[in-house]
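Asks: Before anything else, here's the structure in question.
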Amino acid sequence: MSSDEGERAAGVMSRRERLRLETSREIRTIALRQMAEGGPGAISLRGIAREMGMTARAIYSYFPTRDDLITALISEIAASLADAVATASNAVPDTDPGGRLLAWGQALREWALAHPESFRLFYGHPVPGYQPPENGPVEQAARRVCRELTRLVAAAWPHARHHQPEDTSWSDLHPDYVAKIQADLPDVPPAAAALALRVWGRMHGLVALEIDGHIHPVAGNPAALHRAEMLDLVRSLGLA
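Residues 15 to 254 in my numbering are what the sequence shown lists, from first letter to last.
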């Protein structure tokens with residue numbers, strides 16, 4: 015067994031592996047900065063290679079194509095967001111579904127403010143020409159975010175159903191969304207699945223406006239505005 019293999023077997027990365035990890039991280043960081051400065055279409059492997067003093071051949075050993083880089087970026091971003099909101103909501107007891115939703119919404123805003131370019135790439139600014147792999151890491155990570163929020167809404171449904179229209183049928187929703195909901199949460203009724211979409215819209219809406227700079231000119235305290243919206247959302251579900 016080589017020393018590298020021995021270190022990996024012992025759970026310790028070799029120097030080469032650490033350098034590769036650091037280089038990969040730097041590539042992704044520069045890609046996000048390129049997007050911040052020039053929009054999603056500005057992400058360029060050759061440009062990153064020039065900035066890092068690497069050859070094109072060397073950088074392609076990390077990410078063979080631009081799509082591979084963007085897929086890695088988005089899947090990492092989605093996993094980071096999913097971890098953040100899950101950690102926040104899981105810190106609140108299951109007996110407090112309203113508090114769990116509040117924690118989820120607050121964590122979404124805090125994560126977005128800490129990672130504005132990541133938020134834009136994941137939610138707001140499609141990359142021209144980019145095609146994510148079907149059922150690949152991007153879709154799986156995004157599905158995790160959706161699934162966890164839907165679970166929170168499903169837990170609140172016994173209270174919320176008395177305050178919501180229940181005439182929704184599965185035919186009112188997109189077949190792909192229906193398939194994912196029924197696979198992940200087979201006991202969720204269509205009205206609860208539709209409510210999850212509306213909850214997501216309210217949670218996401220103010221955050222997206224704030225990240226894109228539309229809230230600050232009209233609101234002196236965006237945090238208070240967001241908090242008021244989240245409290246109103248919880249009240250509308252009969253949870254407060």
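Virtual Cβ for every residue (Gly too), placed ideally from N, Cα, C.
1. On the criterion of 16 or more Cβ atoms from any shown chain inside 10 Å, does Arg42 qualify as buried, or is it exposed?
2. Rounded to whole angstroms, what's the CA-CA distance from Met217 to Met244? Just pull it up for me.
3. Tell me which residue opens and which closes the alpha helix (DSSP H) that Ser103 is part of.
4. Could you check which residue in Pro147, Tyr137, Ala208 has the C-alpha nearest to that of Ala92?
5. Inspect the CB distances between the segment 76-95 and the segment 173-186 and report whether three or more fall short of 8 Å.
6. Nearest to Leu127 by alpha carbon, out of Asp246, Ile229, Ala254?
7. What are the start and end residues of each continuous beta strand (DSSP E) run of 3 or more residues lying completely inside the segment 139-205, in chain order?
8. Should Leu33 go down as buried or exposed, given a rule of 16 or more other Cβ atoms within 10 Å for buried?
9. With H, G and I counted as helix, E and B as strand and the rest as coil, what does DSSP make of His240?
10. For Arg256, count neighbouring Cβ atoms within 10 angstroms of its own Cβ and tell me buried if that reaches 16, exposed if not.
11. How many Å lie between Met27 and Leu35 at the Cα?
12. Decide yes or no for the touch test of the segment 204-220 against the segment 233-248: beta carbon pairs closer than 8 Å, at least 3 of them.
13. Quick check on DSSP: helix, strand or coil for Asp246?
Replies: Considering the structure as presented:
1. Residue numbering aside, residue 42 sits at position 28 when the sequence shown is read from its first letter. When all chains shown are included, Arg42 counts as buried.
2. Within the sequence shown, residue 217 is the residue found at index 203, counting from 1. Within the sequence shown, residue 244 is the residue found at index 230, counting from 1. Going by the C-alpha atoms only, they are around 7 Å apart.
3. What you label residue 103 is simply residue 89 of the sequence shown in a count that begins at 1. Element bounds for Ser103: 80-104.
4. One-based indexing of the sequence shown puts residue 92 at position 78. When the alpha-carbon of Ala92 is set against those of Pro147, Tyr137, Ala208, the nearest one is in Tyr137.
5. No: the two stretches stay apart, fewer than three of their Cβ pairs being nearer than 8 Å.
6. Within the sequence shown, residue 127 is the residue found at index 113, counting from 1. Per the Cα distances, Ile229.
7. none
8. Translated into the one-based positions of the sequence shown, residue 33 becomes position 19. It counts as exposed.
9. Residue mapping note: residue 240 aligns to position 226 of the sequence shown, counting from 1. Three-state result, His240: helix.
10. As shown, the chain starts at 15 and ends at 254. That puts residue 256 outside it, with no answer to give.
11. The residue given as residue 27 occupies position 13 in the sequence shown. The residue given as residue 35 occupies position 21 in the sequence shown. In a straight line, the C-alpha of Met27 is about 10 Å away from that of Leu35.
12. yes
13. For this step, residue 246 is matched to residue 232 along the sequence shown. Shown here, Asp246 sits in a helix according to DSSP, grouped into three states.
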